[in-house]
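Read the structure below first, then the notes.
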Amino acid sequence: MSDSPDMEDLIHTEDPSFGHVMACVFGIQEHESRTYLRLLENPGSTVEELAGVLDRDRSNVNRSLTTLLEKGLAERERRLLDPGGYVYQYTATPLPEAKELLHEALDKWAETVHGVIEAFGDDE
1 MSDSPDMEDL IHTEDPSFGH VMACVFGIQE HESRTYLRLL ENPGSTVEEL
51 AGVLDRDRSN VNRSLTTLLE KGLAERERRL LDPGGYVYQY TATPLPEAKE
101 LLHEALDKWA ETVHGVIEAF GDDE
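Note that UniProt numbering has the sequence shown beginning at 1, numbered continuously upward.
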């Protein structure tokens, strides 16, 4: 079952949090917006480190990070380890850029809705 809120949920929420707005506008789940916010506070985190901060299973955090990467809300960088091997470190997209992405997505949605309103009844 998904905990992903939608635009209707946002419209009916009197005082939404930033994370709630993110989840609604980007169509992500609430735990993914929480992951973004924690990553913003802990740049360069590994999945393991972030799992500790969020008190969540590593596999769940990894899925959340994959979604954030797909939405352009996080970046991943590979860091080589001294004994060999590597680890991925994740950094949240800076807040000003994330806000701009939110504005663009919301503007696109509003434009679509305005188009539907204007087109209604034209085919009669």
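Even glycine gets a Cβ: it sits at the ideal position worked out from N, Cα and C. Treat the numbers as computed from the prediction; the structure is a model and nothing was measured.
### Query
Cα-Cα, which of 22, 13 and 14 is closest to residue 104?
Out of 22, 13 and 14, 22 has the C-alpha closest to the C-alpha of residue 104.
#### Entry: DSSP bridge partner residues for residue 77 (one or two, in chain order)
Bridge partners of residue 77: 89.
### Query
Can you tell me whether DSSP reads residue 17 as helix, strand or coil?
Residue 17 falls in the coil class under three-state DSSP.
### residue 60 versus residue 99: straight-line alpha-carbon distance, rounded
Using only the alpha carbons, I get a separation of about 25 Å.
### Query
Between which two residues does the alpha helix (DSSP H) carrying residue 117 extend?
Note, residue 117: alpha helix (DSSP H), 95–119.
### Task
Examine the ligand NAD and report whether any of its heavy atoms sits within less than 7 Å of the Cβ of residue 117.
No copy of the ligand NAD occurs in the structure displayed, which carries no ligand at all.
### Message
Within a Cβ cutoff of 7 Å, which residues of the same chain sit near residue 48, ignoring the five residues on either side of it in sequence?
### Response
For residue 48, same chain residues with a beta-carbon under 7 Å away, outside a window of 5 residues either side, are 58 in chain order.
### Task
In angstroms with no decimal places, state the Cα-to-Cα distance between residue 71 and residue 26.
Rounded to whole angstroms, the gap between the alpha carbons of residue 71 and residue 26 is 8 Å.
### Query
How about the stretch 38–46 and the stretch 75–95: do they share at least three Cβ pairs that are nearer than 8 Å?
These segments touch.
### Task
Please look up how many angstroms separate the CB atoms of residue 53 and residue 38, rounded, as I've assumed it's under 8 Å.
At roughly 5 Å, the Cβ-Cβ gap stays under 8 Å, so residue 53 and residue 38 are in contact.
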